[in-house]
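Read through the structure below, which is laid out as structure tokens, and then see the notes.
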Amino acid sequence: MVARNATGTSNASEATSTSSGNAALSGTNFNQLTWQPVPYDWRMGITDILERGVELEHGGHYSIVERLEELAATSRTGKVTIIAHSNGGLLAKALVDALRAEGKEQLVDKLILVASPQLGTPKAVLSLLHGDDQEIPKKMGFIVSRTEARELGEN
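Next comes the structure, spelled out in structure tokens:
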């Protein structure tokens, strides 16, 4: 993961973990945009990540909540924008909920989710169990029927 500042220079982040999960926090520090990568182990539970923090590959440790607070403290607006991809979006939503419970929701200006699951899992379960909306062509099923789609899901 590489952090870039507004001048275009880049610094390799010390935050390399054993995971491929990442979220990003950004804050405006006067006229400079600061990015802070937030790696985490996607195999851990989201609650565990928020409560226990993140162990880094080379022995370091950090709290996502504390990192967000530090970035907000250096921001001109006192707020950060969270950009998260995939499972990082679920972590970011849980982070916002945790901040709200602590009365700190004002630290987040925007939450931007990129390809984060919202209701995708229930839809996939219905498709696998019942072949819902998997007919080819849709709703006709003369190439692959609903029953055949369900059998494919079982294999």
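Residue numbering for the sequence shown is 44 to 198, as defined by the working numbering.
Don't be surprised by glycine CBs; every beta carbon is placed ideally from N, CA and C.
Just so it is clear, the structure is predicted and the values come from calculations on it, not from any experiment.
CA-to-CA, the gap between VAL97 and PRO80 works out to about 12 Å. Contact annotation: the segment 97 to 107 does not touch the segment 118 to 132, with fewer than three C-beta pairs closer than 8 Å. Comparing alpha carbon positions, the residue from ILE89, GLU191, LYS136, ALA115 closest to THR77 is ALA115.
About 4 Å separates the Cβ atoms of ALA135 and ALA127, confirming a contact at the 8 Å cut-off. Secondary structure remark: continuous alpha helix (DSSP H) runs of at least 4 residues inside the segment 112 to 172, in chain order: 130 to 144. Selection LEU154, ASP152, ASP84, GLN161 evaluated against TYR105 yields ASP84 as nearest (Cα-Cα). With contacts defined by Cβ atoms closer than 9 Å, VAL139 and VAL157 do not form a contacting pair. For LEU133, the closest C-alpha among the options SER188, ILE92, GLU194 is that of ILE92.
Note: GLU98 is bridge-paired with HIS104 in the DSSP secondary-structure output.
About 7 Å separates the beta carbons of ALA141 and VAL108, which is inside the 8 Å limit, making them a contact pair.
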